[in-house]
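Taking it in order: structure first as structure tokens, then the write-up.
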Amino acid sequence: MNKWFGLADCNNFYVSCERIFNLSARDIPVVVLSNNDGCVISRSQEAKDLGIEMGIPAHKISDNLKTKKLMVFSSNYALYGDISSRVMNCLNDLCPAVEVYSIDEAFLDLSIIPSEELYDFGIEIKRKIAKWTKIPISIGIAPTKSLAKVANRYAKKYHKEKGVFVIDSEEILEKILTETPIEDVWGIGRKYGKFLKGQQVNTALDFTKLPENFIRKYFSVVGLRLYRELKGESCLNLTEVADKKKVVQHTRSFGRYVNTLRDLEEVLTTFASKCAEKLRSQQSCANVISIYIRTNLFSKKAQYYNSITMNFDIPTNSTMEIQQKVLWGLKQIFVQGYDYKKAGVCFTGLVPNNAIQGNLFVQETESKCQKVSQLMDGINAKFGKGTIKFAVQGINTTWQGNAGKLSPKFTTIWKDIPKVE
DNA sequence: TCTGGGGTCCTAGGACCC
DNA sequence: TCTGGGGTCCTAGGACCC
């Protein structure tokens, strides 16, 4: 039996989320900015038409703000995350099997759908998602995941009205691959794209015509898989259950410069506490923690970067234990006299809670710390994030990033729920 | 003035073991 | 003085993704 993969991808996802509740954002150019209102990370079609590029710094679109009717939003991840899970739930209801690939994309296993019905099936999914969630999606369908990606891109670009495209014959496959520039292929980034173009490999079709030993020589097995997938041989399966994270981190730029040890303590213990919550929510403990602090890379002033990596005697996810480690580590790397702009905390060596190796030489304090963390999680779940935290995390967190254009958390906070009057 | 954040996988090379 | 070969594990760095 033939395999059929679908790729459902939300169009301009963050912008589309903002448009659900904000009617004045429809039909005009809209962009959503990254954390700290730094860069453009989502654009409506109208904003794309204005020539606003993906990833450009926000200050470079200030002209558009003045002269065009451009609407700007700070990113509202509480909203996007919630809308995303609604879309994914709908896809789960409609499809035999779903792999959530990112906040706005999912692979679908459509192998049981008769091939002559695939297109209509795609149209129906799209129609229902639009009706149920107000999010427009595009769907690409093909015999491999990589080709479903290609088909999806093609649907967005050339079949915008219908938003569905199926690669179901050799002729169509060849035509699509010819019309897909190599740098637009999933898995071909800037570096490989440049290299391939230098070799006169300009389209996805050119790539599939290369001899296999060329691929083996210049690409890893990832490239080889892609090569085979583009030729129609399915190498990547659908994985319905997401694995636990292998790395958990929290890094942010600040809304203002930070110069004191005390403020950095607030920052890093806050970041560490967010990570600890993430670790507990996936029932993992960490063996290793790294922290770093840095000045503003884009500034001409004196630069400083330093990091430290520390091991725990026994893997932990307890906020208290972690914060003690952070405070000690920060003292090792902090140097007075710089304007700090960014910091981060990263946990690695993650192990499941129930598979923790004890340490002969350390007395286990299993522990009040654990209980305190669990209690705090409970309180914060009930009364809202940040209801209770450690004093070291500070109260007047003036270093927090800018988010001047933040929309309400329409679907996740009671007081923000839209009212009909 | 203002430039994001969180991930994955693979490979090469060094340390170490028998 | 002569000093092998096969293997594992870990880490850093690079490439990519959304």
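First residue of the first sequence? That's 46 in the working numbering, and the numbers climb one at a time after it.
C-beta atoms are modelled at their ideal positions from N, C-alpha and C, and glycine is treated no differently.
Asked, Found
"Given 8 Å, three or more beta-carbon pairs between the stretch 153–164 and the stretch 111–120", "no"
"Test item: CB-CB of S87 and K179 under 9 Å", "no"
"Test item: CB-CB of N467 and S329 under 9 Å", "Given that the chain is displayed from residue 46 to residue 466, the structure contains no residue 467 and the question cannot be resolved."
"R339 - partner residues in DSSP beta bridges", "Y350 and K387"
"Terminal residues of the beta strand (DSSP E) in which E144 lies", "A142 to S147"
"Ranges of the beta strand (DSSP E) found wholly within the stretch 72–104, counting only runs of at least 3", "75–78 and 85–88"
"Straight-line Cα distance separating K323 from D288", "14 Å"
"Bounding residues of the beta strand (DSSP E) (the contiguous stretch that carries T296)", "V293 to V303"
"Close beta carbons around I424, own chain, < 8 Å, minus the five adjacent residues each side", "T432 and I433"
"Proximal residues to Q327 (C-beta, below 7 Å), its chain only, five neighbours per side dropped", "K289 and K290"
"Three-state secondary structure assigned by DSSP to D422", "helix"
"Integer-rounded CB distance, given that L52 should sit under 8 Å from E206", "That belief does not hold up - the Cβ atoms of E206 and L52 are roughly 19 Å apart, past 8 Å."
"Euclidean distance between Cα positions of T442 and I73", "35 Å"
"For C280, the three-state DSSP class (helix, strand or coil)", "coil"
"T361 beta carbon less than 9 Å from that of C320", "no"
"For V117, the first and last residue of its enclosing beta strand (DSSP E)", "M116 to F118"
"Beta-carbon proximity of V292 to F357, cut-off 9 Å", "no"
"Every unbroken alpha helix (DSSP H) within the stretch 360–387, with a cutoff of 4 residues, ordered by chain", "364–378"
"Residues near L78 by beta carbon distance below 8 Å, same chain, minus five either side", "C84, V85, I86, A103, V117, F118, S119, S120 and K450"
"Neighbourhood of L139 by C-beta, 7 Å cutoff - its chain only, sequence neighbours within 5 removed", "I170 and K173"
"Member of K105, N304 and S335 whose CA lies at the smallest distance from the CA of F316", "S335"
"Anticipated Cβ contact below 8 Å, I186 with G208, distance rounded", "In fact, because the Cβ distance is near 12 Å, the residues do not count as touching under 8 Å."
"For D213, the three-state DSSP class (helix, strand or coil)", "coil"
"Residues near P453 in its chain [Cβ-Cβ closer than 6 Å; skip 5 each side]", "D461"
"The stretch 264–274 / the stretch 224–243 touching (three or more Cβ pairs under 8 Å)", "yes"
"N- and C-terminal bounds of the beta strand (DSSP E) containing E150", "E150 to D154"
"Where S452 falls: helix, strand or coil (DSSP)", "coil"
"Reduced DSSP secondary structure (H/G/I, E/B, other) of I158", "coil"
"Segments of 4+ residues assigned as alpha helix (DSSP H) that fall wholly inside the stretch 202–263", "215–223, 235–243, 249–254 and 257–263"
"Between the CA atoms of D54 and E63 - distance to the nearest angstrom", "17 Å"
"Pairwise C-alpha distance: I101 and Y302", "22 Å"
"Identity of the residues DSSP links to F50 by a beta bridge", "D154 and A187"
"Inter-residue spacing [alpha-carbon to alpha-carbon] between D108 and V390", "36 Å"
"Residue from V380, W49, E310 and T296 with nearest C-alpha to K370", "E310"
"Anticipated Cβ contact below 8 Å, N47 with S160, distance rounded", "7 Å"
"Distance, K427 Cα to F379 Cα", "36 Å"
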